[in-house]
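Asks: Below you'll find the structure I mean.
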Amino acid sequence: MTELVSSVADKIDRAVQRVTPFAYRVRRTGRRWMRRALRKPRSVSEGPNLLPLLIQALASFTKADGVIMEEEIDSSLGFLRYDYPEAVYSELRQLFRQALYEQQDLAAMAQKLGAQLGTERKIMLGVQLYDLISQAGLKQEQVVAFYSFMSQMGMAAQAIDIVYQLNASEDSDPSIYQHGASPLESLSFGPDGKGDIILKNLSETDRLMAFRYHDLILLKNYSGQNVSVRGRPLVRGGFCRIYPGQRILVGDQVLSYQELAQYFNAKKNVSLPQIFIRVNKDSDEVQLERSRTRESALRVTFGLNVRVKALRDVNAELNGVRLEAGTQVDATLEDRIVFHNDSELDLSDLRRRARALGGRFQLKASKSEYLVSNDPSRLEPDDILLSPGTSGDVVLKIFCDYDQRVGQLEVIEADRPIMVGDEPVRTTAQLKDGDTIRIDVGQILRCNFSERIIEEERNIIRTLEVNEVTHRFGKGEIGLEGISFSVTRGELVCVMGASGSGKSTLMRVLAGQLQPTSGDVFLNGQSLYQNLDGLKQYVSYMPQQDAFDEHLTIGENLLFAAAIRAPHLSRRDRSRRLEAKLIELGLGERRDAVVGSPESKVLSGGERKRLNIGLDMIGMSDVYLFDEPTSGLSSKDSEHVMEIIRGLAHNKIVIVTIHQPSSKLFQMFHKAILLDKGGRLVFFGTPSDMLRYFAEAEHQHQFGAELGACPSCGTTRPEFIFDVLETPLRDLSGDIIYEENSRGHLVASRRYSPDFWRDKYEAFRLIQDVKQVSLLQEPAAPLPVAPVQGKRLPLRWHDEWTQFRTLLRRSFLSKLRNRANLVITIGVSPVLALLIATLLRYSENGTYDFASAYHIPTFLFLGLIVAMFLGLTNSADDIIRDRPVLQRERNIKVRLSYYVISKTVTLGVFALIQCILYVLIGNSVLQIRGMFWIDLGIMFMTAMSGVALGLLISSLVADPKTAANIVPLILIPQIIMGGALIKYEDMNRNLALLYSLSHWLSEHPSTDKTIKSESKLQVPFVCQFIAMRWSYEEMIVAQAKLNPLTRRQDRANDEIQQLAPKANTPEQRARLNDLKDVLALLSGLEGRSAKEIDHYLKLVDPVIAGKQKFDSSLLRDAKGPITAEQLYVNQKVSDLISKAEMEQNDYRRGKKPNVFFGLQKRYSGCKFGVFTFDTSVLIASMLGLLVLLHWILRKQLEVVRRS
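Numbering-wise (our numbering), the sequence shown opens with residue 1 and increments by one.
Written out as structure tokens, the structure reads:
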């Protein structure tokens, strides 16, 4: 039966597609756009998606031998998670588990995949399947299934090639491959002369092999070394896939995914960084050059290894070979060029600098077409690979005419505008000699056809220089004093020092958040604080405290961070970046875990720290500043966190503050900064130099501290540095002498003051500067600076929309996940409505009816109090919770207006739900009919006024407890001066200065005594600033004038007043009589039920509107025990309005005063209706508070400028 139903359904569906193909396509397109509008990940069971089929195939191979191993599952899920990031991982895992229990037809799956997958995807799937079966030991059943599956996909020959290459020796015969070339790129690692890349700790027989197909990289171990990948040992003969962000441990050496990719690109000859060096013979001063000049002495090319060629005689050696003109030496990154005065030049440091300068590509006479891309798999040998950091997909083609010195650019694929000069290019453009092609902000290609060179120029941060920075706080306390140092791209630097030594102050200065009192910070030679708007986006500062949303999951925090920091990226690119970062952070399995508070223990301390540092690492900054990223962590967690940070440093400037690192952590840094009390710099150099420096100081001054290093085992003891630095002063008996510090606490007196260590280091530094090679770099390309005043940069609407949408989603999800907020939203409002309405359900005549209900004005006022209260409490702590995130995102140009709007919209949604629940329940209990939308609108405006006030409070206080204490101070005046609890005629009017002045004038002898004094129903001046006064007035007047009965009576009466003076024609007189009949009918309308009266009221609407004549026969049966006035007109409300009308229309007054509950307001000679005026005041006051909030936040997040 099931098969029959399924068959019929398929036939119907095919018929629908055949008969109405357009409608079918429209439906599918609509679903796709709806999914994108709602930002839902693509479901794995949707449409033409082949993921379910791939999952079934992977599951079939996992269980092909009857045994399911953890390694096989890890391989399959890793492939799905990384290669299909747009899918929901939890759904992938569920479908994979389900497929393990089902019987699969591999032949049918292979045929279907063969028909729908392209050749490249088939090969990638084949490689992944072979990796999968290798995890189980290449059992016969799995190998047979693999060959059969690939054959049925039409890839039999490729399967043979893949298996042969993954198992062949390095020097295998390429002629046996189907196309005469191996399907996978390969790399070999071995000892000197035994592989493409030299690994010095490998023996003569040891070798590692890496294979790449597009961005899929496999590693095979042919050595007896301890090789570890993803925390699992890789046995001899075994291989596994390497994902972005992962590292390979080969003994004590570390290889990263990024390094493997760079080696593959170098072997493909699409990325060979090259740099020229000019050496001053007299001083050994070194200057780096992008291109060769007459003075160039050395050419250093970084490929699979390092090749140094001497262009002129240089008084230096490399690996024992003297660098004479024409000499060429192959070396590794660990080697150094040693000059005659024993000064050294590190090759790894040179490679970092060469990459920062950008690529320089020599065009060949035999090749006139070049592909340019950031994806190496799209390139052929000798094509142009863009430097790392280019986001999205870019594929260009450049045609070169060397004779005419011109070219042509073709844009094949790009997700951003490509510019030639100042002109955007959509398809093709002509190129002249010297033209520039702008790929992205800060990245251009310069075409030099005359010299057959294309140069890549990157405006990135290459150097960070601190020059004599001193900072003093308000009371003259010194935070930093004369700090100077320089850091280059690719260096990992730690800032050490005791508490109060100025580490965090230094980080804030470097981040552009605290302008020093004197001195400056330079990025590429440009002053940070003179060009702050243009340069601060290049710097990311990670504070010590957690700066993420605790109500979001790990994945959501990282995804939102990526969208805010890189809004120009496509959704797929952001998802790929998220997956790679989750793997790198070791948080892949916890991606769906809600972060929670530290007390909830959902995440460990190490996981919280990794998430905290990952939020900025997922962005695209050039300088990263980490403040105490390892504080409070165990030694293992600290090492894990530092490994992640170290991986970031290969192409960035990274500075980390750390109180006292362990020996292992200390050795991870390239440079170390040591600060002493008062922010004095007492050392800057390599960790080994620092230990050597203080060991010599200890020996020289005989402090008695233990040495800081063990020569036999190579370990270091960084705490030794602090033992020497803070050696206490002792008396003659050997006891420590104590003194009182600035806070009145007793501390050990130091033998040598911070000034002593600063002066000692300055002398040491001067000597070292004379000894060491002076490395001068060519001037950096200018970075974007602050826009000229009055000139606005064009907006990228896609980026603006992405940022606003992300802030809105983040705000809404955070509020939705807050359980306390949900309880208040869903529970408190209905409970208060039921409680208040039940207590106030009272009529003087005993039996309750709306007309004689005694407490309707009180209920309406209490409803507004509830709205104001809920608005205040919902928002009073929001900005307090977000402040660390706002501080963190201050450098990345997050628009505060978007943040304020997103907060307001989010809180408004929840306020609207609360108001709906309150009005529905309260009006139902008290039988307030026909006023739902009007009461809801006024109550919602009051709630939004409370939201704006709450956000303002939250921006001004530091903690939620203070905010909660301020809420009553705001709410109580609203209650007292709202006009219900204390009537204005009974209020002390001398509080109002303007009233007192007018009262004095009215009593003055010169005043005309015939004019009656001002009405007591006028609102005191001080109460005009109370939002509740306007909303309560509007609510009462609306209840009296906008209920279904009175509204129709007033409309009919207005029509009569307009028609009566000009009823000259028979039609006009008939219309006038109809209106009078309707008005008389409405005044005495009766019925048997409320529903019947509502029906009668709707019948007269066309008559009032003039669309039909009055037919009394339709209302012949309008009789019953219930009158319309009993249902809609409350006597207490009517009395308030009648009293106000009498006061306002008193003929004895010279002019009509603005009284409370008056139907009209007069200001500056203009007359306004009460609803228009009160609504305008409420909206204007709310917008004014939000503008004030925006100004306060902007001031709080501005850089602290020097006075």
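We put the CB at the ideal spot given by N, CA and C, even for glycine.
1) Would you report the Cα separation of residue 617 and residue 886, rounded to the nearest angstrom?
2) On the CB-based measure, 16 or more other CB atoms within 10 Å of its CB, does residue 1128 come out buried or exposed?
3) Shortest alpha-carbon distance to residue 980 belongs to which of 135, 299 and 1157?
4) Restricting to runs no shorter than 4 residues, where is the alpha helix (DSSP H) found entirely within the segment 470 to 501?
5) Closer than 6 Å by C-beta to residue 668: which residues in its own chain qualify, once you throw out the five before and the five after it? Chain order, please.
6) For the putative contact between residue 229 and residue 217, defined by C-beta atoms under 8 Å, what is the C-beta separation to the nearest angstrom?
7) Can you tell which of 800, 1117 and 953 has the C-alpha that lies nearest to the C-alpha of residue 895?
8) I'd like to check one pair, residue 1045 with residue 1124: are the Cβ atoms closer than 8 Å?
9) In angstroms with no decimal places, state the Cα-to-Cα distance between residue 814 and residue 602.
10) In angstroms with no decimal places, state the Cα-to-Cα distance between residue 545 and residue 884.
11) When you compare the CB positions of residue 554 and residue 591, do they come within less than 8 Å of one another, or not?
12) DSSP state of residue 1216, grouped into three classes?
13) Here's the rule I'm using: 16 or more other beta-carbon atoms within 10 Å means buried, otherwise exposed. How should residue 440 be labelled?
14) Is DSSP giving residue 624 helix, strand or coil here?
15) What residue range does the alpha helix (DSSP H) around residue 448 cover?
16) Under 8 Å, with one C-beta from each stretch per pair, do the segment 942 to 959 and the segment 839 to 849 reach the 3-pair mark?
17) Quick one: is residue 94 buried, meaning 16 or more other Cβ sit within 10 Å of its Cβ, or exposed?
18) In three-state DSSP terms, what is residue 1114?
19) Residue 704 to residue 692, Cα distance in whole Å?
20) Which residues mark the beginning and the end of the beta strand (DSSP E) in which residue 432 is found?
21) Give the C-beta separation of residue 976 and residue 966 to the nearest angstrom, bearing in mind that I take them to be a contact with Cβ-Cβ under 8 Å.
22) When the Cβ atoms of the segment 1081 to 1101 are set against those of the segment 1053 to 1061, are three or more pairs found closer than 8 Å?
23) What beta strand (DSSP E) runs, 3 residues minimum, are completely inside the segment 329 to 354?
24) Taking the alpha carbon of residue 330 as the point to measure from, which residue in 1025, 448 and 319 has its own alpha carbon closest?
25) Under 7 Å Cβ to Cβ from residue 212, same chain only, skipping five residues before and after it: list those, please.
26) Looking only at its own chain, which residues have a Cβ that is under 6 Å from the Cβ of residue 518, when we skip the five neighbours before and after it?
27) According to DSSP, is residue 598 helix, strand or coil?
28) For residue 192, which residues in the same chain have their Cβ closer than 6 Å to its Cβ, ignoring the five residues on either side in sequence?
29) Would you mind giving the Cβ-Cβ distance between residue 490 and residue 352, rounded to the nearest angstrom? I have them listed as a contact below 8 Å.
30) Output needed for residue 369: all residues of its chain with C-beta closer than 6 Å, excluding positions within five of it in sequence on either side, in chain order.
31) Between residue 946 and the rest of its own chain, which residues show a CB-CB distance below 6 Å, the 5 nearest in sequence each way excluded?
32) Helix, strand or coil for residue 1205, going by three-state DSSP, please let me know.
33) Going by DSSP, what residue range makes up the alpha helix (DSSP H) through residue 1142?
34) Is residue 130 near residue 166, with beta carbons less than 8 Å apart?
35) Apart from the five residues just before and just after residue 1188, which ones in its own chain have a Cβ nearer than 7 Å to its Cβ?
36) Residue 207: which of 759, 226 and 1109 sits nearest, CA to CA?
Replies: According to the structure data:
1) 17 Å
2) Its Cβ being crowded by 16 or more others within 10 Å, residue 1128 is buried.
3) 1157
4) none
5) 642 and 646
6) Actually they do not touch by this definition, with Cβ atoms about 11 Å apart.
7) The residue with the shortest Cα to Cα distance from residue 895 is 800.
8) yes
9) 17 Å
10) If I take the Cα positions, the gap works out to 8 Å.
11) Yes, the Cβ-Cβ distance between residue 554 and residue 591 is below 8 Å.
12) Nothing about residue 1216 can be reported from this structure: the residues present for the chain run from 1 to 1203 only.
13) Buried: at least 16 other Cβ atoms inside 10 Å.
14) strand
15) Premise fails: residue 448 lies in the beta strand (DSSP E), 443 to 448, not in any alpha helix (DSSP H).
16) no
17) exposed
18) helix
19) Any reading at residue 704 is ruled out, since the residue's pLDDT is 49, under 50, leaving its predicted position unreliable.
20) For residue 432, the enclosing beta strand (DSSP E) has its first and last residue at 428 to 432.
21) With a Cβ gap of about 16 Å, residue 976 and residue 966 do not count as contacting.
22) no
23) 336 to 339 and 344 to 346
24) 319
25) 184, 185 and 264
26) Same-chain partners within the cutoff: 470.
27) helix
28) 198
29) 3 Å
30) 399
31) The beta carbon of residue 946 is closer than 6 Å to those of 868, 871 and 872 in its chain, skipping five residues each way along the sequence.
32) Absent from the structure is residue 1205, since the part of the chain shown begins at 1 and ends at 1203.
33) 1131 to 1144
34) Yes, they are a contact pair.
35) 952.
36) 226
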